[in-house]
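Residue numbers (my numbering): 4 to 143.
Structure below.
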């Protein structure tokens with residue numbers, strides 16, 4: 004992913020996450036800001052999936068360190084509704100994993116909504132859930 008791609012990817016992000024099953028209320032400005040911040044992260048890894056020169060999906064991730072080893076955190080991954088269940092998400096994760104292994108990154112971590120098909124997709128890909136973990140938010 005290059006900076007010039009962010010505008011179109013923000014449009015795609017809004018289309019994906021404002022649709023079911025997420026039904027969120029994203030604006031393009033919010034989406035662009037979120038993707039831009041991730042893009043500018045130290046050790047950013049990101050890839051675009053294209054069909055006929057059109058962006059249909061993307062993964063945004065960044066490197067972290069845990070107990071002396073590098074891990075890759077997927078912060079955002081999205082695929083257009085028309086391209087879901089056609090191998091696009093798998094191709095994005097395959098490329099991410101390939102590049103991570105080349106750079107001695109030992110694992111990929113992410114969080115997802117456990118009430119959507121996304122959870123099943125990640126489990127099928129080989130991710131493992133951890134019952135002892137809890138996502139927490141402190142709003143102020």
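For each residue, glycine too, the CB sits at the ideal point set by N, CA and C.
These numbers were taken from a predicted model, which means no experiment stands behind them.
heavy atom of the ligand GTP below 7 angstroms from residue i C-beta
i          : result
residue 11 : You won't find the ligand GTP in this model; it holds no ligand whatsoever.
Per DSSP, cross-strand counterpart(s) of residue i
i           : result
residue 113 : 77
residue 108 : 73
residue 91  : Residue 91 pairs with nothing; no bridge assigned.
Cα-Cα separation between residue i and residue j, rounded to whole angstroms
i           : j           : result
residue 83  : residue 143 : 33 angstroms
residue 145 : residue 132 : Beyond the ends of the chain as shown, which are 4 and 143, falls residue 145; an answer cannot be given.
residue 127 : residue 55  : 27 angstroms
residue 102 : residue 75  : 10 angstroms
residue 118 : residue 45  : 31 angstroms
residue 122 : residue 113 : 10 angstroms
residue 80  : residue 41  : 12 angstroms
residue 85  : residue 15  : 12 angstroms
Delimiting residues of the alpha helix (DSSP H) encompassing residue i
i           : result
residue 65  : Element bounds for residue 65: not the alpha helix (DSSP H) but the beta strand (DSSP E), 57 to 69.
residue 37  : 31 to 42
residue 127 : 120 to 128
residue 143 : Note, residue 143: premise wrong, no alpha helix (DSSP H); not H, not E.
residue 13  : 9 to 20
Residue i, DSSP secondary structure in three states
i           : result
residue 101 : helix
residue 72  : strand
Residue i: first and last residue of the uninterrupted beta strand (DSSP E) it sits in
i          : result
residue 53 : 47 to 54
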